[in-house]
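Numbering (the working numbering), first residue to last: 19 to 252.
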């Protein structure tokens, strides 16, 4: 349940003060009936209209972006533009990225205004998997794979065990459940290799949509949203 004036304000019909005035002037209808009560409680089953036009409001937004290079996974512009500049929606600047991708890393980036879900997806306690496609400068060896999968030391800390899936000697997938600074590049540096190209293709049970070109985005489906929420309950 939500107060009528709060619902209208969230729906961008005006400030709380402005929508209260609209209500008291009899310009808002609830289920076809004029309502003068600004603190009336409504729910998702109620139909709200202004000048006979339905007023819709969505509390949370969930976006899948195929992040291109030279964009920052941040909400402000620094030396590079923010990924939010790619989202051509009224609600774009209510969003924030779930985690970060380096400026030269591409692929799956979830954007939302659901702070609770974002916090859970990033919590070290949840061990949410992230899968990346990696192109390497040098051929990977079985010794390298064993070293990476067991965990490597990055400065004064060790990475958790991961999974390396070999496509061929210079193309692999790596699955991690952490998000340390430049983690994958640093991990391969430990085994004397260099990452030439890095693309995130999965977070939890949500895969990057193959039809999305770099810079394109779409809303998450209901199933994808439920998959993200489900993985945080494990």
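Yeah, the Cβ is synthetic: ideal placement off N, Cα and C, and Gly gets one too.
Can you name the start and end residues of the beta strand (DSSP E) that residue 118 belongs to? As a working note, residue 118 is residue 100 in the chain shown. No beta strand (DSSP E) holds residue 118; DSSP gives it neither H nor E.
Which same chain residues, not among the five before or five after residue 130, have their C-beta less than 8 Å away from its C-beta? For this step, residue 130 is matched to residue 112 along the chain shown. Excluding residues within five positions, the ones whose Cβ falls inside 8 Å are 78, 79, 80, 81, 113, 114, 116, 136.
For residue 157, which of 35, 212, 239 has the nearest alpha-carbon? Walking along the chain shown from the start, residue 157 turns up at place 139. Ranking the options by Cα distance to residue 157, first place goes to 212.
Can you list the alpha helix (DSSP H) stretches of 4 or more residues lying completely in the segment 36 to 101, in chain order? none
Residue range of the alpha helix (DSSP H) that includes residue 182: The sequence position of residue 182 within the chain shown is 164, counting from 1. That residue, residue 182, is in no alpha helix (DSSP H); its beta strand (DSSP E) goes 181 to 186.
With H, G and I counted as helix, E and B as strand and the rest as coil, what does DSSP make of residue 165? Here residue 165 is taken as the residue at index 147 of the chain shown, counted from 1. Helix, per DSSP.
In the DSSP assignment, find the unbroken alpha helix (DSSP H) run with residue 243 in it and report its ends. Numbered from 1 along the chain shown, position 225 holds the residue referred to as residue 243. Start and end: 240 to 249.
First and last residue of the alpha helix (DSSP H) that includes residue 10? A query on residue 10 cannot be resolved here, the shown segment of the chain reaching from 19 to 252 and no further.
Can you tell me where the alpha helix (DSSP H) holding residue 133 begins and where it ends? Numbered from its first residue, the chain shown carries residue 133 at position 115. Start and end: 133 to 140.
If distances are taken between C-alpha atoms only, which option among 67, 20, 50 comes closest to residue 40? By 1-based counting over the chain shown, the position of residue 40 is 22. Nearest of 67, 20, 50 to residue 40, Cα basis: 67.
Rounded to whole angstroms, what's the CA-CA distance from residue 42 to residue 25? Just pull it up for me. Against the chain shown, residue 42 aligns to sequence position 24. Against the chain shown, residue 25 aligns to sequence position 7. Cα to Cα, the separation comes out at about 15 Å.
So does the segment 180 to 191 actually touch the segment 231 to 240, counting three or more Cβ pairs closer than 8 Å? no
If you draw a straight line from the C-alpha of residue 191 to the C-alpha of residue 225, how long is it? Counting from 1 along the chain shown, the entry for residue 191 is found at position 173. Counting from 1 along the chain shown, the entry for residue 225 is found at position 207. Their backbone Cα atoms lie some 13 Å apart in a straight line.
Tell me whether the beta-carbon of residue 102 lies closer than 8 Å to the beta-carbon of residue 96. Residue numbering aside, residue 102 sits at position 84 when the chain shown is read from its first letter. Residue numbering aside, residue 96 sits at position 78 when the chain shown is read from its first letter. No, the pair does not count as a contact, with Cβ atoms beyond the cut-off.
Could you spell out the range, first to last residue, of the alpha helix (DSSP H) harbouring residue 25? As a working note, residue 25 is residue 7 in the chain shown. Run containing residue 25: 22 to 28, per the alpha helix (DSSP H) assignment.
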